[in-house]
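Trainee:
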Amino acid sequence: MNTTALGLYFWALSGLLILMMVWEHHRKAHDLLSLRNLFLVGFIVFQLSSAAVSLYLDDFGNYRVRYPRQAGLQFAVMCTVFVLVFLWAYRQGWIVRWLAGKLPQTTAAPTGFFLLTMGMILTLVGIVLRMALQVSLLAILANYAAIGFAAIACGLVGWVWGRRLLNPAMILVGLLIVVVNLANAVWGEFGRRPLIAVFGALIWGMYYSYWRYLPLSRLLYRLAVVSIGPLIVVALFTSVRTSSERERTAQEHLQAVVHSGQVGEGMWQLLSGQGTAAAAMWVIENYPERFEYRHLMTLWYTVAIDIPRAWWPDKPLPLSKLIPQQAKIRNVDWRSLTLPPGIVGNAAGEGGWYALVTYAIFLGLFVRFFDQLVQNTLSSPFVVLAVGSALGQILGLARGDPSLFVNIFLFTFASAGICMVTVGKLLQGMGWVGQAVQSR
Numbered sequence: 287m288n289t290t291a292l293g294l295y296f297w298a299l300s301g302l303l304i305l306m307m308v309w310e311h312h313r314k315a316h317d318l319l320s321l322r323n324l325f326l327v328g329f330i331v332f333q334l335s336s337a338a339v340s341l342y343l344d345d346f347g348n349y350r351v352r353y354p355r356q357a358g359l360q361f362a363v364m365c366t367v368f369v370l371v372f373l374w375a376y377r378q379g380w381i382v383r384w385l386a387g388k389l390p391q392t393t394a395a396p397t398g399f400f401l402l403t404m405g406m407i408l409t410l411v412g413i414v415l416r417m418a419l420q421v422s423l424l425a426i427l428a429n430y431a432a433i434g435f436a437a438i439a440c441g442l443v444g445w446v447w448g449r450r451l452l453n454p455a456m457i458l459v460g461l462l463i464v465v466v467n468l469a470n471a472v473w474g475e476f477g478r479r480p481l482i483a484v485f486g487a488l489i490w491g492m493y494y495s496y497w498r499y500l501p502l503s504r505l506l507y508r509l510a511v512v513s514i515g516p517l518i519v520v521a522l523f524t525s526v527r528t529s530s531e532r533e534r535t536a537q538e539h540l541q542a543v544v545h546s547g548q549v550g551e552g553m554w555q556l557l558s559g560q561g562t563a564a565a566a567m568w569v570i571e572n573y574p575e576r577f578e579y580r581h582l583m584t585l586w587y588t589v590a591i592d593i594p595r596a597w598w599p600d601k602p603l604p605l606s607k608l609i610p611q612q613a614k615i616r617n618v619d620w621r622s623l624t625l626p627p628g629i630v631g632n633a634a635g636e637g638g639w640y641a642l643v644t645y646a647i648f649l650g651l652f653v654r655f656f657d658q659l660v661q662n663t664l665s666s667p668f669v670v671l672a673v674g675s676a677l678g679q680i681l682g683l684a685r686g687d688p689s690l691f692v693n694i695f696l697f698t699f700a701s702a703g704i705c706m707v708t709v710g711k712l713l714q715g716m717g718w719v720g721q722a723v724q725s726r
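Take this note's numbering: the final residue in the sequence shown is number 726, and no numbers are missing along the way.
(1) Going by DSSP in three states, G293 sits in which element: helix, strand or coil?
(2) When you compare the CB positions of L642 and F368, do they come within less than 7 Å of one another, or not?
(3) Based on Cα-Cα distance, which residue from P501, T588, A672, K601 lies nearest to R313?
(4) Compare the C-alpha of T392 against each of F699, F695, V660 and name the closest.
(5) Just how far apart, CA to CA, sit A454 and L664?
(6) Is it buried or exposed for Q714, if we count other Cβ within 10 angstroms and need 16 for buried?
(7) If we count Cβ pairs, one from each stretch, closer than 8 Å, do we get three or more for the stretch 400 to 412 versus the stretch 465 to 474?
(8) Give the DSSP-derived three-state secondary structure of Q724 in the structure shown.
(9) Check S558 in the structure and name its three-state DSSP category.
(10) Taking just the CA atoms, how far does Y499 sit from L506?
(11) For V589, count neighbouring C-beta atoms within 10 Å of its own C-beta (all shown protein chains included) and say buried if the count is 16 or more, exposed if not.
(12) What separation, rounded to the nearest whole angstrom, lies between the Cα atoms of L556 and H545?
(13) Pick helix, strand or coil for H311, following the three-state DSSP scheme.
(14) Buried or exposed, going by whether 16 or more other CB atoms sit within 10 Å of the CB of S503?
(15) Between the alpha carbons of F332 and Y295, how many angstroms are there, rounded?
(16) Starting from the Cα of F668, find the closest Cα among L370, A684, V443, V653 and give me that residue.
(17) How is S665 classed by DSSP in three states: helix, strand or coil?
(18) Mapping DSSP to helix, strand and coil, what is E571?
(19) For a quick check, are the C-beta atoms of I570 and F435 less than 7 Å apart?
(20) DSSP state of G552, grouped into three classes?
(21) Please report the straight-line C-alpha distance between A338 and F656, rounded to a whole angstrom.
(22) Identify which residue in V670, F695, R450 has its Cα closest to the Cα of G729.
(23) For a quick check, are the C-beta atoms of R654 and V446 less than 7 Å apart?
(24) What residues in its chain sit with their C-beta under 6 Å from that of A521, if we drop five residues either side in the sequence?
(25) Assign H545 to one of three DSSP states: helix, strand, or coil.
(26) Please confirm if the stretch 396 to 407 is in contact with the stretch 685 to 693, defined as three or more CB-CB distances below 8 Å between the two stretches.
(27) State the start and end residues of the unbroken alpha helix (DSSP H) segment that holds P604.
(28) Measure the CB-CB distance between T562 and G638 and report whether it falls below 7 Å.
(29) Work out the CA separation of V692 and M492 for me, nearest whole Å.
(30) Buried or exposed: which applies to Q658, given that a residue is buried once 16 or more other Cβ atoms fall within 10 Å of its Cβ?
(31) Excluding the five sequence neighbours on either side, which residues of its own chain have a C-beta within less than 7 Å of the C-beta of A722, listed in chain order?
(32) Identify the continuous alpha helix (DSSP H) that holds N470 and give its terminal residues.
(33) Count the other C-beta atoms from every protein chain shown that fall within 10 angstroms of the C-beta of N288, then say buried if there are 16 or more, exposed otherwise.
(34) Cα separation between R726 and N662?
(35) For T644, which residues from the same chain have a beta carbon less than 7 Å from its beta carbon, with the 5 sequence-adjacent residues on both sides left out?
(36) For F368, which of helix, strand or coil comes out of DSSP?
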């Protein structure tokens with residue numbers, strides 16, 4: 287199989303996964319919007335589509351892949367195995383389905399006015415957390431919580447707005463809350479995940495409040511219309527990202543987008559997965575022949591990452607921090623540059639096939655746990671929106687660093703979830719209990 291055929295295979299596998307998502311929703315077997323499907327979309331972008339572009343165009347960027355056909359073929363097999371094992375583990379849901387039922391839950395469903403008021407309050411809380419608590423480790427955690435609250439504020443807007451898209455008052459209030467939280471989310475941020483978190487939570491709220499009960503054609507139409515704006519913004523943001531501009535303010539981000547942003551360039555960077563698969567194929571060629579396996583480092587680092595380097599100066603580095611130097615990427619700062627090879631690339635450098643299966647099972651169960659939480663509380667926005675408070679981390683999980691993204695998601699969910707469930711329990715005690723529009 288030549289590299290062109292391999293590229294076509296990756297695009298074909300991407301198409302099959304997309305068709306599976308749509309078909310399962312049509313059969314009422316699985317929600318079109320879920321953490322599982324968001325992870326798969328990220329996997330398509332950063333592993334499958336990224337590989338297709340590199341192989342089809344024979345362009346591996348800064349990576350010297352000596353034998354593209356062999357590396358591409360092994361990567362294709364590893365991606366296929368990963369997807370199959372991930373979906374199997376997700377479907378089985380050992381233990382995590384039971385665990386999801388043990389977490390505190392609420393069925394409170396207050397009025398739209400209350401939800402919008404709560405959205406405004408969370409917007410202010412998010413701003414205070416971003417601006418006021420800027421002290422060492424506390425600042426990092428406050429930042430994660432702030433973006434989570436900003437996302438939930440937009441999710442609350444979506445929960446109300448989804449039922450009345452063309453209401454002028456709703457449009458005015460909704461856009462105001464969203465714009466303020468967008469500015470807060472991108473302030474001082476280099477990554478796109480906070481941006482995606484805010485937009486994603488808005489659409490997540492719209493979907494779970496009402497859209498999931500619509501016929502498939504109407505659902506897809508609304509998703510397409512509402513997603514156009516966020517997709518253009520993310521593409522513009524992507525087109526002006528450079529490693530030398532990590533400390534931009536929100537105003538500087540806006541200026542860069544206005545003066546230099548290009549939608550087409552940003553879309554192409556998104557489609558190509560920013561060379562993630564090329565890095566993975568480089569890892570396949572060089573591990574363990576040139577560099578020793580770092581067995582299950584991603585899984586181990588998911589726990590170790592929470593230990594500050596000030597306490598553990600010799601703490602090992604993730605694979606993404608080693609690749610720039612190992613691959614001898616020129617004209618960059620090896621100390622600051624991060625080049626993740628994606629979840630399959632991580633497995634290739636951390637044990638090979640057994641690591642691939644281990645990571646697929648772990649992520650399948652991880653995602654299933656939170657999807658189960660949503661299914662257990664569909665009638666109430668509180669748990670549903672807490673799960674949707676860090677969707678950018680889930681979308682980027684297939685690229686990485688997986689250890690970091692898992693930790694950020696868990697912390698954001700925990701901080702947001704405690705707040706939301708507490709409010710929900712108080713309202714439930716007052717008798718504000720709702721029912722889903724219809725069962726699925």
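Think of the CB as a built atom: it goes at the ideal place given N, C-alpha and C, for glycine as much as any other residue.
Mentor: If we stick to the structure as given:
(1) Annotated three-state conformation of G293 is helix, per DSSP.
(2) yes
(3) Looking at P501, T588, A672, K601, the one whose alpha-carbon comes closest to that of R313 is P501.
(4) Residue V660 is the option with its Cα nearest to T392.
(5) For the sequence presented, residue 454 should be read as Pro rather than Ala. Looking at the two C-alpha atoms, the distance is approximately 27 Å.
(6) Q714 counts as buried, since no fewer than 16 other beta carbons sit within 10 angstroms of its beta carbon.
(7) yes
(8) Reliability fails at Q724, whose pLDDT of 40 lies under 50, so the model's placement of it is uncertain and the value that follows must be treated cautiously. Coil, per DSSP.
(9) Coil at S558, not helix or strand.
(10) 12 Å
(11) exposed
(12) Looking at the two C-alpha atoms, the distance is approximately 20 Å.
(13) It is helical.
(14) Burial call: exposed.
(15) 15 Å
(16) V443
(17) coil
(18) helix
(19) A distance of 7 Å or more separates the beta carbons of I570 and F435.
(20) helix
(21) 31 Å
(22) Nothing about residue 729 can be read from this structure; the chain reaches only from 287 to 726.
(23) no
(24) V549, G552, M553
(25) helix
(26) no
(27) Counting along the chain, P604 falls outside any alpha helix (DSSP H), and DSSP gives it neither H nor E.
(28) no
(29) 25 Å
(30) buried
(31) Low confidence applies here, because A722 scores a pLDDT of 42, under 50, leaving its location unreliable and the question unanswered by this model.
(32) Element bounds for N470: 454 to 472.
(33) exposed
(34) At R726, the pLDDT of 42 sits below 50, so the modelled position is not reliable; the number obtained from the coordinates is stated separately. One C-alpha to the other measures close to 12 Å.
(35) The answer, listed in chain order, is L582, L585.
(36) helix
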